[in-house]
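**Q** For the sequence shown, the UniProt record's numbering gives the first residue as 1, with consecutive numbering after it. What follows is a structure written as structure tokens; I'll ask about it next.
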Amino acid sequence: MNRPVRIANCSGFYGDRLTALAEVVRGGPVDVVTGDYLAEVTMLVLAKNRLKKPTGGYATTFLRQLEPVAAEIAERGIKVVVNAGGLDPAGLARDTRALLAEAGVDLTVAHVEGDDLTARLTELAAEGHDLAHLDTGKPFTSWGHEPLTANAYLGGFGIAAALRGGADIVITGRVADASLVTGAAAWWWGWSPDDHDALAGAVVAGHVIECGAQATGGNFSGFTAIPDLRHPGFPIAEVDRDGTSVITKHERTGGAVTVDTVTAQLLYEIGAPGYLNPDVIARLDTVRLAQEGPDRVRISGTAGQAPPPTTKVAVTGLGGWRNGCTFVLTGLDIDAKAALVERAVHARLDGDPGITDLRFTRIGLPATDPADQMAGSSLLHVAVDGDQRSAGRAFSALCVELALSSYPGIYGMGAPTAGSAYGVYWPTLVPQRILRHTVMHADGRQETIPAPATVEPVESAGTVAPGEYESGPVVEGPLGRLVHARSGDKGGNANVGLWVSDPEAWPWLAATMTVDRLQDLLPETRGLTVERYVLPNLRAVNFVVQGLLDGGATEARRFDTQAKALGEWLRARHVPLPERLL
């Protein structure tokens, strides 16, 4: 097989488009279809589901996606690799075989396991692994919660072994998102764990397509220039023998693949330029992008380094109780109306030992002389954490009781609920050598995947001297007139990647967007540690804001819990813009 392997992705999260698998199978030639269903939040969701029903531990939507096209997949010899197994890859493999048998389709199913460390946490602690928090360094014993899940991020060589063993469908639990692609590419090309540059190129390709339509124009700050975003196509990575790739999509599908849409996804949820994967460290500062043709972007130049000796483990559990209520404020005296609600809530909840956190968030401002009622309205969101008694029905009742005794025009965004238990998250590291990375082949044979040869990664300092830039005449305007952005969550941290399409604007961006400038534009980042990384090949700077999301998306108290819109807020802030760049 001397041509590039065509790997299409059909899922960026648990809940993505149900028709996507059929679309990529029927839309044109593909060799492998991957599906990424897992996020840090998803593992907790699956754990809660598993408490309610036996099949709750995996992404059940995969079966609904597979059934209509299983026969076509078999007929065309397409391989399918998904991490939809979640907390129960063996269970999903079993139920997939049952679905195929009932449909009369002959496809072999293997699964990969060894990521689940929940039952081993006590054993690991006894062996001297402190399971310290990845960001704070605090010992695991200080967490104070009962773990519901603990899953290590596996690499792609278990997937490669399953495909090499004859599997048509490979189901995994928690593998690194990009490992779905690296495993498929390593199988196709016969790569060894020492093929670092090739693996790094596949990691980058995998990172680009792992979030589905985000690579074809979805959630892109330049969306107004993208044709037909009503139904964007899903991305395809054509990965060559040396790890270089072309990102594309099926013809006659919506959206677009451009250098900017690919850059946006490359900057999503990253930290330092050394992008860590269990199989390799991919140097994002070596990546080069080029528009090769319509909807075709070539990725080349990616350098790889030996993988790190450790891999990430995401531990989740249940914290306290969380509830919220949103009031609509309309017309005049908005500040006074909001203040009245705040005083009433504080009067009832201050001093209640069952309340641990109380927050008020104002959303929007009413227009002057509004043409319709909605234009004259804004929102006040009240959020509370605590025990189930105080933060549950008692809080909801308090909000309801204000209906006839507070500001004029009071109403809410639906009836208050009883709330629910919120999740807590503990990221840590374990040595890769302690994992029991295992392939369960379709014939019942077990194959152990050895840990890779690793080295301790060395990363350059986060803050790079920005240099000087003579801007000439300037005008005040939104940063987004010149700059694209993509932001997201990394555990309790948030990242904001900024880049420019115009090469002439790059020196200005590098010199202008310092840590101090970011913290000036985004006041809530002040007092937090912010790291800045420069990616000249992408004409990009990446900021990592530590601790912005509390303990992670499962417990974040920001209204935008995963910092998805942080970059768009930043683009709306006004800065001096060089006239010659406009």
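All C-beta atoms in this analysis are idealised placements derived from N, C-alpha and C, irrespective of residue type, glycine included.
Thinking C-alpha only, which one of Thr108, Lys48 and Gly86 is nearest Gly77?
**A** Here the question's residue 77 lines up with position 77 in the sequence shown. That would be Thr108, whose Cα lies nearest to the Cα of Gly77.
**Q** If we count the other Cβ atoms within 10 Å of its Cβ and call it buried at 16 or more, is His574 buried or exposed?
**A** Locating residue 574 in the sequence shown gives position 574, where the first residue counts as 1. In the assembly as shown, His574 is an exposed residue. Its beta-carbon has fewer than 16 other beta-carbons within 10 Å.
**Q** Write down the C-beta distance between Arg322 and Ala338 rounded to the nearest angstrom, noting that I regard them as a contact closer than 8 Å.
**A** Locating residue 322 in the sequence shown gives position 322, counting from the first residue. Locating residue 338 in the sequence shown gives position 338, counting from the first residue. Rounded, the Cβ-Cβ distance is 21 Å, inconsistent with contact.
**Q** Would you say the beta carbon of Glu72 is closer than 6 Å to some non-hydrogen atom of the ligand MN?
**A** Absence of the ligand MN from the depicted structure is noted, as is the absence of any ligand whatsoever, leaving it without description.
**Q** When you compare the CB positions of Pro278 and Gly155, do they come within less than 7 Å of one another, or not?
**A** Translated into positions along the sequence shown, residue 278 becomes position 278. Translated into positions along the sequence shown, residue 155 becomes position 155. Cβ distance < 7 Å, so Pro278 and Gly155 count as in contact.
**Q** Go ahead and pull the three-state DSSP assignment for Gly91.
**A** Here the question's residue 91 lines up with position 91 in the sequence shown. Helix at Gly91.
**Q** By a C-beta neighbour count over all protein chains shown, 10 Å radius and 16 as the cutoff for buried, is Leu18 buried or exposed?
**A** Against the sequence shown, residue 18 aligns to sequence position 18. Burial call: exposed.
**Q** Sort Gly217, Gly201, Asp352 and His441 by Cα distance to Ala162 and report the nearest one.
**A** Sequence index remark: in the sequence shown, residue 162 carries index 162 (1-based). Ranking Gly217, Gly201, Asp352 and His441 by Cα distance to Ala162 puts His441 first.
**Q** Can you check DSSP and say which residues form a bridge with Ala421?
**A** Locating residue 421 in the sequence shown gives position 421, counting from the first residue. DSSP, once it has assigned bridges, lists Trp321 as partnering Ala421.
**Q** So the candidates are Glu524, Asn495 and Glu504; which of them puts its Cα closest to the Cα of Tyr533?
**A** In the sequence shown, the residue the question calls residue 533 occupies position 533. If we check each option's Cα against that of Tyr533, Asn495 comes out closest.
**Q** What is the DSSP secondary structure of Pro408, counted as helix, strand or coil?
**A** In the sequence shown, counting from the first residue as 1, residue 408 sits at position 408. Coil.
**Q** Check whether the segment 37-54 and the segment 72-91 are in contact - that is, three or more C-beta pairs closer than 8 Å.
**A** yes
**Q** Starting from Met440, follow its DSSP beta bridges and name the residues at the other end.
**A** Translated into the one-based positions of the sequence shown, residue 440 becomes position 440. Paired residues: His111 and Gln446.
**Q** Tell me, to the nearest whole angstrom, how far the beta carbon of Leu521 is from that of Gly547; I am working on the premise that it is less than 8 Å.
**A** Residue 521 sits at position 521 when you count from the first residue of the sequence shown. Residue 547 sits at position 547 when you count from the first residue of the sequence shown. That belief does not hold up - the Cβ atoms of Leu521 and Gly547 are roughly 18 Å apart, past 8 Å.
**Q** Figure out for me which residue from Asp335, Gln562 and Arg343 has the closest Cα to the Cα of Gly364.
**A** The residue given as residue 364 occupies position 364 in the sequence shown. Of Asp335, Gln562 and Arg343, the residue nearest in Cα terms is Asp335.
**Q** What residue range is occupied by the uninterrupted beta strand (DSSP E) comprising Trp499?
**A** Here the question's residue 499 lines up with position 499 in the sequence shown. Residues Asn493 to Trp499.
**Q** With respect to the beta strand (DSSP E) encompassing Arg283, which residues constitute its N-terminal and C-terminal limits?
**A** As a working note, residue 283 is residue 283 in the sequence shown. Residues Ile281 to Arg283.
**Q** Looking at the structure shown, is Ala563 part of a helix, part of a strand, or coil, going by DSSP?
**A** Mapped onto the sequence shown, residue 563 falls at position 563. Three-state DSSP puts Ala563 in coil, outside helix and strand.
**Q** What are the partner residues of Lys249, as DSSP defines its beta bridges?
**A** Within the sequence shown, residue 249 is the residue found at index 249, counting from 1. According to DSSP, which records beta bridges pairwise, Lys249 is partnered with Pro235.
**Q** With a threshold of 16 other CB atoms inside 10 Å of the CB of His231, please say whether the residue is buried or exposed.
**A** If you number the sequence shown from 1, residue 231 lands on position 231. Classification for His231: exposed.
**Q** Do the segment 197-216 and the segment 171-179 meet, that is, are 3 or more Cβ pairs less than 8 Å apart?
**A** yes
**Q** Look up Glu401 in the DSSP assignment and say whether it is helix, strand or coil.
**A** Stepping through the sequence shown from its first residue, residue 401 is reached at position 401. Looking at Glu401 - three-state DSSP - the assignment turns out to be helix.
**Q** Just curious, the beta strand (DSSP E) that Pro147 is in, first and last residue?
**A** Within the sequence shown, numbered from 1, the residue matching residue 147 stands at position 147. Residue range Pro147 to Ala152 is occupied by the beta strand (DSSP E) that includes Pro147.
**Q** Rounded to the nearest angstrom, how far is the Cβ of Asp385 from that of Gly301, given a contact under 8 Å?
**A** By one-based count along the sequence shown, residue 385 stands at place 385. By one-based count along the sequence shown, residue 301 stands at place 301. That belief does not hold up - the Cβ atoms of Asp385 and Gly301 are roughly 47 Å apart, past 8 Å.
**Q** For the candidate residues Pro294, Phe223 and Leu429, whose alpha-carbon lies nearest to that of Glu568?
**A** Your numbering for residue 568 matches position 568 in the sequence shown. Ranking Pro294, Phe223 and Leu429 by Cα distance to Glu568 puts Phe223 first.
**Q** Assign Ala485 to one of two classes, buried (16 or more other C-beta atoms within 10 Å of its C-beta) or exposed (fewer than that).
**A** Residue mapping note: residue 485 aligns to position 485 of the sequence shown, counting from 1. Buried, by the Cβ-count rule.
**Q** Could you tell me whether the segment 423-434 touches the segment 303-320, where touching means 3 or more Cβ pairs closer than 8 Å?
**A** With the cut-off at 8 Å, the segment 423-434 and the segment 303-320 touch.
**Q** Please classify Ile159: does DSSP put it in a helix, a strand, or coil?
**A** Walking along the sequence shown from the start, residue 159 turns up at place 159. Three-state result, Ile159: helix.
**Q** Can you give the beta carbon distance from Ala299 to Val280, rounded, assuming they're within the 8 Å contact cut?
**A** Locating residue 299 in the sequence shown gives position 299, counting from the first residue. Locating residue 280 in the sequence shown gives position 280, counting from the first residue. The sequence shown places Ile at residue 299, not Ala. 15 Å between Cβ atoms; not a contact.
**Q** Taking the runs of the alpha helix (DSSP H) that are 4 residues or longer, which of them lie wholly in the segment 319-391?
**A** 334-349 and 388-391
**Q** Since His484 sits in a beta bridge, which residues does DSSP pair it with?
**A** Position 484 of the sequence shown, counted from the start, is the residue given in the question as residue 484. Looking at the DSSP assignment, His484 forms a beta bridge with Trp499.
**Q** Once you ignore the five residues that flank Ala306 on each side, which residues in its own chain have a CB closer than 8 Å to its CB?
**A** In the sequence shown, counting from the first residue as 1, residue 306 sits at position 306. Taken in chain order, the residues that qualify are His196, Val280, Ile281, Pro452, Ala453, Thr454 and Val455.
**Q** State yes or no: is the C-beta of Gly317 within less than 7 Å of the C-beta of Glu146?
**A** For the purposes of this step, residue 317 is taken as the residue at position 317 of the sequence shown. For the purposes of this step, residue 146 is taken as the residue at position 146 of the sequence shown. Cβ atoms of Gly317 and Glu146: closer than 7 Å.
**Q** Which residues mark the beginning and the end of the alpha helix (DSSP H) in which Lys52 is found?
**A** On the sequence shown, position 52 is the one that residue 52 refers to. Per DSSP, Lys52 belongs to the alpha helix (DSSP H) from Glu40 to Lys52.
**Q** Ignore the nearest five residues each way along the sequence and tell me which others in Leu482's own chain have a CB closer than 7 Å to its CB.
**A** Mapped onto the sequence shown, residue 482 falls at position 482. Contacts found: Val500, Ala505, Leu577 and Leu581.
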